[in-house]
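Q: Take the numbering used here: the last position of the sequence shown gets the number 1366, and nothing is skipped along the way. Before I ask anything, let me first share the structure, which is written out below as structure tokens.
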Amino acid sequence: MQPVKLIVFGVPCCEEGEPILLPSVKSESIPNVLGKPIPATCSSIPLCKVVPNGEIWEVARNQPENAASSYALEGRMYVEQDKTVLAKSKNGNVVSITNATLRVVGIKERWETDDDYVRYLCCEVQCKAWKEGSRTIEVPWTEYKDVYQQIRRKFPDVCVMGQGQALEEYLADVFARSADNLTVYREAKLSGWICWDGGAHYVVGKDDFYRNHAIPKTLSNSYAVFHIGRRFLDIGNRNPQICVLYLASHLAYTLFWLKKAGIRFQSTFFVQGGTGLLKTSVVRIISDVFNTDRDKAVMRLNSTLASTQKTITYLRDTVVCVDDFSNTESDLRRKSLSSAEAVIRAVGDGTFPSKSDVSDFSKITQNTVRSVVILTGEEGLDLGASSQLRMLIIPVEQGTFDGRVLREFQIKNIWAEYTAQYLKFLKEKGEEVVSYRKEAFYAYRDGYAEYFDEPRLIDAAAVLRLECDIVAAYARWCGCGDEEVQQLSALLHQNVVNIIRITQDYTSEAKPEVRFLRALWESLDTTKAAMVAESEDVYADNEAQFIGFYETHTGTIWLRPEVAYQVVCQYYRTINERWLTSIKRVKELLLEKNLSRGKLGSSGQSAEYTCRAKKGTRKRMLVLYVEKVEKLLAEEEK
């Protein structure tokens, strides 16, 4: 049996039913695409309005759905007829070009970066094979000449035949009839601030990364929103920690405007404290606020560096919380420490390190960082001096945060609504406020130089002080009175100074192991909580009365590490000095410097920082070499 050749509108198709696709039309035959308008050769018909609805474009008309087809286009070589396009022949007959008509109903700009975008034409397609309705397709502006090939791939019911010149004329006429009246719609790949039409807009990106992101509508009573949001300060009873986090939450959305004024913030915040102190819960409130999936508003530091890098570069103009630097395995600790240092350096440099784009090895991809990053952790970060100076330390202790006030922000969507209103303020007043205060930034920097030594801390303090002014302007914009604004500004300013002072003390600390040993040696046998037994036998008989024992024949002192650490913490609290180094880091330093007994880690094996006692409950204990410790302390005193 011979195969049957299908006939579609009088034109033979492939045996499988696949129509013969038209050859690529010549772009010079469609001058509108090249920006050279030509008179429309078609009859005028009412324009459609295209409305984006997610990934679908809905076409709204004032006439019935099929009214457009009643305004058929006709040119020298073609004619529209009943949702088909026909080519005219010399003998007066017509031959089908396609069973689908086309209308250009909108323009969409997809912004890949702040400067580069791809323009698309949104086209409405009506096909004779469809009983009712129309479909839409978006094609790159430069590929309009091949639109029917793309239509055919997306909608298999559409058939296209090889009538090149007639189709060229048809496409030119379709474009010409609406070219001057198309509405332009814009979308950005990444969230954050972007400049369109001379104005700044804060948008949610269209990348799938933002599928759970949404900006809530702002309420009409701006003062009420501000007043409720300001209760965030009560989570910490208006202490330095909560005040600086409050400023950081605003600064994230101001970075764009500061950069336009030539001002950069290059520091990372580090919220440090033990477990159960609510540090991550508090930071979560202000982190990635427009992510409706609040469980994913915080990322883990033990994620891969590539994952960490993507998240931080995609979360632009917002707060990013990276939790939690508290690993117990030495290999994991080194990995987390490396990731933390990479993040801190990227914030300081404004980009993660460049890498080659695998699709084009001549092209270098920059991974821009434009967010406020807050690290949280239980342990101190033992970083290089350069990275250490890029961090602002926010120490958290018992009672720093109030869980009852925090619960209000966890239950309600308070902070997202508050932030949406702050964005509205910045859109209206951002450039004006920052430009007006630009000179103040340099004055603040000069002023802080008299109090602090480190240039990076001075710069960070000046930016935070400037943010105090911007928050004050925001409060005034929301309807706060002068006295209310002045009190808020003074509170924030004073606590900026407090946090910078804490950070400077932390970065200028003496060697942590020396401070630990000095405090420990001065505390031993001075209180009931720091008594040391003269031998292991005495200790084993009554462990509750002692924190350890001397072993004279080995020249060592054995101490329960957690209790010894608390003795040191109490020592520094008594003399009103901060002690921020973790017990784990202390044990590492003591072993590395051969001041304690243990085993250094090797490939595949963890280090051992303690030894098990031989008698009593046989707990693991920190074993210090007395002679070496006393020699070190004597040398440090010189």
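Don't be surprised by glycine CBs; every beta carbon is placed ideally from N, CA and C. Quantities reported herein were computed from a predicted structural model and do not represent experimental measurements.
(1) Applying the 10 Å Cβ sphere with the 16-neighbour rule, what's the burial state of residue 1141?
(2) Go to residue 1244, then tell me how far its alpha helix (DSSP H) extends in each direction, as first and last residue.
(3) Pull up the CB-CB distance for residue 994 and residue 1118, whole angstroms please, since I reckon it's below 8 Å.
(4) Residue 1310 and residue 990 - do their beta-carbons sit closer together than 8 Å?
(5) Do residue 1203 and residue 944 count as a contact pair if the criterion is CB distance below 8 Å?
(6) Please give me, in chain order, every unbroken run of the alpha helix (DSSP H) with length at least 4 that falls completely inside the region 852 to 908.
(7) Using 8 Å as the threshold, is the region 1124 to 1140 in touch with the region 1000 to 1016, meaning 3 or more CB pairs across them?
(8) Would you kindly report the start and end of the unbroken alpha helix (DSSP H) that includes residue 726?
(9) By the DSSP assignment, the beta strand (DSSP E) with residue 1286 in it spans what residues?
(10) Is residue 1287 near residue 1350, with beta carbons less than 8 Å apart?
(11) What's the C-alpha gap between residue 962 and residue 1072?
(12) Provide the residue(s) that pair with residue 836 in DSSP beta bridges, ordered along the chain.
(13) How would you call residue 1056, buried or exposed, if buried means at least 16 neighbouring beta carbons within 10 angstroms?
(14) Take the Cβ of residue 1222 as the centre, count every other Cβ of all protein chains shown within 10 Å, and call the residue buried at 16 or more, exposed below.
(15) Taking only the alpha-carbon atoms, compute the straight-line gap between residue 1234 and residue 1120 and give it to the nearest angstrom.
(16) Does the region 1330 to 1339 touch the region 1310 to 1320, meaning 3 or more C-beta pairs lie closer than 8 Å?
(17) Is the beta carbon of residue 840 less than 8 Å from the beta carbon of residue 833?
(18) Could you tell me which residues DSSP pairs with residue 1032 in its beta bridges?
(19) Between the C-alpha atoms of residue 863 and residue 883, what's the straight-line distance to the nearest angstrom?
(20) If contact is defined by three or more beta carbon pairs under 8 Å, each pair taking one atom from either stretch, is the region 1171 to 1181 in contact with the region 918 to 931?
(21) Would you mind working out which of 828, 1215 and 933 sits nearest residue 838, comparing C-alpha positions?
(22) Which residues share a DSSP beta bridge with residue 1327?
(23) Please classify residue 679: does DSSP put it in a helix, a strand, or coil?
(24) Kindly confirm or deny that the region 866 to 879 and the region 936 to 955 touch, where touching means at least three C-beta pairs closer than 8 Å.
(25) Which value, in whole angstroms, describes the spacing of the CA atoms of residue 1226 and residue 1212?
(26) Would a C-beta distance cut-off of 8 Å place residue 1347 and residue 1264 closer than the cut-off?
(27) State the DSSP-derived secondary structure class of residue 999, mapped to helix, strand or coil.
(28) So residue 1134 is in the alpha helix (DSSP H); what residue range does that whole segment cover?
(29) How would you write the range of the beta strand (DSSP E) that residue 816 sits in, first residue to last?
(30) For residue 906, tell me which candidate among 835, 1024 and 1156 has the shortest Cα-Cα distance.
(31) Spatial neighbours of residue 1217 within its chain, please: CB distance less than 6 Å, with the 5 preceding and 5 following residues excluded, ordered by chain position.
(32) Count the other C-beta atoms from every protein chain shown that fall within 10 angstroms of the C-beta of residue 1004, then say buried if there are 16 or more, exposed otherwise.
(33) Kindly indicate which residue of 948, 1281, 1320 and 930 has the alpha-carbon position closest to the one of residue 942.
(34) Would you identify the three-state DSSP class for residue 1096, choosing helix, strand or coil?
(35) Please state whether the Cβ-Cβ distance between residue 1101 and residue 1000 is less than 8 Å.
(36) How far does the beta strand (DSSP E) with residue 1123 in it extend, from its first residue to its last?
A: Judging by the given coordinates:
(1) One-based indexing of the sequence shown puts residue 1141 at position 413. When all chains shown are included, residue 1141 counts as exposed.
(2) Taking the sequence shown and counting its residues from 1, the one referred to as residue 1244 is at position 516. Residues 1240 to 1251.
(3) If you number the sequence shown from 1, residue 994 lands on position 266. If you number the sequence shown from 1, residue 1118 lands on position 390. Contact flag correct, Cβ pair sits at about 6 Å.
(4) In the sequence shown, residue 990 corresponds to position 262, counting from 1. In the sequence shown, residue 1310 corresponds to position 582, counting from 1. Contact flag unset, no.
(5) Along the sequence shown, one-based indexing puts residue 944 at 216. Along the sequence shown, one-based indexing puts residue 1203 at 475. Not a contact, by the Cβ cut-off of 8 Å.
(6) 875 to 882 and 892 to 904
(7) yes
(8) This structure cannot speak to residue 726, because the chain is shown only from 729 to 1366.
(9) As a working note, residue 1286 is residue 558 in the sequence shown. For residue 1286, the enclosing beta strand (DSSP E) has its first and last residue at 1284 to 1287.
(10) Taking the sequence shown and counting its residues from 1, one reaches residue 1287 at position 559. Taking the sequence shown and counting its residues from 1, one reaches residue 1350 at position 622. Cβ distance < 8 Å, so residue 1287 and residue 1350 count as in contact.
(11) For the purposes of this step, residue 962 is taken as residue 234 along the sequence shown, with counting starting at 1. For the purposes of this step, residue 1072 is taken as residue 344 along the sequence shown, with counting starting at 1. Taking the straight line from one Cα to the other gives about 29 Å.
(12) Along the sequence shown, one-based indexing puts residue 836 at 108. 848 and 913.
(13) In the sequence shown, counting from the first residue as 1, residue 1056 sits at position 328. At residue 1056 the pLDDT is 45, less than 50, meaning the model places this residue with poor confidence; the figure from the coordinates comes in the next sentence. By the 10 Å Cβ count, residue 1056 comes out exposed.
(14) For the purposes of this step, residue 1222 is taken as residue 494 along the sequence shown, with counting starting at 1. Counting Cβ neighbours within 10 Å, residue 1222 comes out exposed, since fewer than 16 surround it.
(15) One-based indexing of the sequence shown puts residue 1234 at position 506. One-based indexing of the sequence shown puts residue 1120 at position 392. Those two C-alpha atoms are separated by around 10 Å.
(16) Counting Cβ pairs under 8 Å, three or more are found: they touch.
(17) Indexing the sequence shown from 1 puts residue 840 at position 112. Indexing the sequence shown from 1 puts residue 833 at position 105. No, the Cβ-Cβ distance between residue 840 and residue 833 is not below 8 Å.
(18) In the sequence shown, the residue the question calls residue 1032 occupies position 304. Beta-bridge pairing links residue 1032 to no other residue.
(19) The sequence position of residue 863 within the sequence shown is 135, counting from 1. The sequence position of residue 883 within the sequence shown is 155, counting from 1. Taking the straight line from one Cα to the other gives about 9 Å.
(20) no
(21) On the sequence shown, position 110 is the one that residue 838 refers to. It is 933 whose Cα lies nearest to the Cα of residue 838.
(22) Reading the sequence shown from its first residue, position 599 is the one you call residue 1327. Note: residue 1327 sits in a beta bridge opposite 1336.
(23) With the chain covering 729 to 1366 only, the question about residue 679 has no answer from this structure.
(24) no
(25) In the sequence shown, residue 1226 corresponds to position 498, counting from 1. In the sequence shown, residue 1212 corresponds to position 484, counting from 1. Rounded to the nearest angstrom, the two C-alpha atoms are 22 Å apart.
(26) Here residue 1347 refers to the residue found at position 619 when the sequence shown is read from its first residue. Here residue 1264 refers to the residue found at position 536 when the sequence shown is read from its first residue. Cβ distance not < 8 Å, so residue 1347 and residue 1264 don't count as in contact.
(27) Reading the sequence shown from its first residue, position 271 is the one you call residue 999. It is a strand residue.
(28) If you number the sequence shown from 1, residue 1134 lands on position 406. Annotation for residue 1134: the continuous alpha helix (DSSP H) segment containing it runs 1131 to 1139.
(29) By 1-based counting over the sequence shown, the position of residue 816 is 88. Residues 812 to 816.
(30) As a first step, residue 906 must be located in the sequence shown, where it is residue number 178. Comparing Cα-Cα distances from residue 906 to each of 835, 1024 and 1156, the minimum goes to 835.
(31) Residue numbering aside, residue 1217 sits at position 489 when the sequence shown is read from its first letter. Cβ neighbours of residue 1217 beyond the five flanking positions: 1196 and 1200.
(32) Stepping through the sequence shown from its first residue, residue 1004 is reached at position 276. Result: exposed.
(33) Locating residue 942 in the sequence shown gives position 214, where the first residue counts as 1. Closest option to residue 942, Cα to Cα, is 930.
(34) Working through the sequence shown from its first residue, we reach residue 1096 at position 368. Residue 1096: strand per DSSP, three-state reduction.
(35) Taking the sequence shown and counting its residues from 1, the one referred to as residue 1101 is at position 373. Taking the sequence shown and counting its residues from 1, the one referred to as residue 1000 is at position 272. No; because the gap between Cβ atoms is not below 8 Å, this pair is not in contact.
(36) Numbered from its first residue, the sequence shown carries residue 1123 at position 395. Residues 1119 to 1123.
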